[in-house]
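Step one of this worksheet: look at the structure below.
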Amino acid sequence: MTLNEETIDFSSLTASRRSTRAFTEREIPADILDAILADATTAPSWSNTRAFRVAIATGERAARLREHYGRLFDEEIAAQARKAEDPNAEIPIPDGDYPVRKRYPDEVRPAQIEVAKLLYGTYGVERGDIEGRNRVNRRNVTAFDAPVMGFVFVHEDMLPWSAMDAGLMLQTLLLSAKSRGVDSCPVGILATWRAPVEAEFEVPEGYRFITGFALGYADPEAPINAMEAPRPPIQLLEGK
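When we follow this note's numbering, the leftmost residue of the sequence shown carries the number 1, and every step to the right adds one.
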């Protein structure tokens, strides 16, 4: 194989990986999952510190996590409905390490709005349809029923480099998965709550929950999996 052919193959691989939001029930074989995790170790790291940790849930543990996350989401939605009737009603405060629900900076907000229109439009949900939007968002907190749920933690004393390392690792992991026919989706909303993961895993002191992800096999009949978000070019800075 020539260098040019290798380059084309890699470009095809990276282009083929898109966020999957509907999975089949098909399990990922243990040896395939192990190989994906082994590939993730090849990602570069600041001073080789690799100051991140990953938790992987499958089977009954993943089912418990989906139930726990779904329950927390439902409780919050119910509290918001009560507050609409009674301004004094309290809404439970999420226990995540970082505020997931923040307004996007004006510079990047148009991109967020564009992809939101694509996403909700695929589900046929209008902007003012709060119930419909909640229904769509609930699928996020259950990681779209993927057979594998992943959770990424970064060392707080190594920020921002631990977060950079975690991102490099996660992209390597997702591309490795795709090369083996396994689909994926980063699921940042899972970091809204830490309690479900704490109930299932021993998280070391000093590690903060930054994102989740889903692995599995895409449902070919789900319209949402045909959605393609724009991929604008890298914005290069002008020289002075």
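We put the beta carbon where it would ideally sit given N, CA and C, even for glycine.
Cβ distance (whole Å) where ARG21 is taken to contact ILE224 below 8 Å: At roughly 5 Å, the Cβ-Cβ gap stays under 8 Å, so ARG21 and ILE224 are in contact.
For LEU37, the first and last residue of its enclosing alpha helix (DSSP H): It spans 30 to 40 - the alpha helix (DSSP H) in which LEU37 sits, taken as one unbroken run.
Reference ARG18; option with closest CA among GLU76, PRO230, LEU236, LYS240: Comparing Cα-Cα distances from ARG18 to each of GLU76, PRO230, LEU236, LYS240, the minimum goes to PRO230.
Cross-strand partners of ARG208 (DSSP beta bridge): BP columns for ARG208 point to VAL154.
Limits of the beta strand (DSSP E) - the one that VAL187 falls within: VAL187 -> beta strand (DSSP E) spans 183 to 187.
Euclidean distance between Cα positions of PHE73 and VAL115: So the alpha carbons of these two residues sit roughly 22 Å apart.
Cutoff 7 Å; reference THR122; Cβ partners in own chain excluding five residues on either side: Cβ within range, chain order: PRO223, ILE224, MET227.
Identity of the residue in THR192, GLU202, ARG103 nearest GLY96 by Cα: Looking only at THR192, GLU202, ARG103, the smallest Cα-Cα distance to GLY96 is reached by THR192.
Reduced DSSP secondary structure (H/G/I, E/B, other) of SER19: In the structure shown, the three-state DSSP call for SER19 is strand.
The alpha helix (DSSP H) enclosing ALA116, as first and last residue numbers: In the DSSP assignment, ALA116 falls within the unbroken alpha helix (DSSP H) covering 109 to 122.
Residues near PRO196 in its chain [Cβ-Cβ closer than 6 Å; skip 5 each side]: LEU65, HIS68, TYR69, listed in sequence order.
Beta-carbon proximity of ALA166 to VAL182, cut-off 7 Å: The answer is no: Cβ separation not under 7 Å.
Contact check, PHE213 vs GLY150, beta carbons under 7 Å: Yes; because the gap between Cβ atoms is below 7 Å, this pair is in contact.
Three-state secondary structure (DSSP) of ALA218: The answer is strand: DSSP assigns ALA218 an E or B state.
Beta carbon of GLN112 nearer than 7 Å to that of TYR120: No. Outside cutoff.
The segment 183 to 190 touching the segment 132 to 147, judged by at least three CB pairs closer than 8 Å: Output reads yes: the segment 132 to 147 touches the segment 183 to 190.
Beta-carbon proximity of SER179 to LEU13, cut-off 7 Å: It is a contact, given that the beta carbons lie within the stated cut-off.
Exposure of ALA62, with buried meaning 16 or more beta-carbon neighbours within 10 Å: Buried.
VAL203, DSSP secondary structure in three states: Three-state result, VAL203: coil.
Residues of its chain near ALA57, where Cβ-Cβ distance is below 6 Å and the 5 sequence neighbours each way are ignored: Take ALA57, set aside five residues on each side of it, and the residues of its chain with a beta-carbon closer than 6 Å to its own are LEU65, MET149, in chain order.
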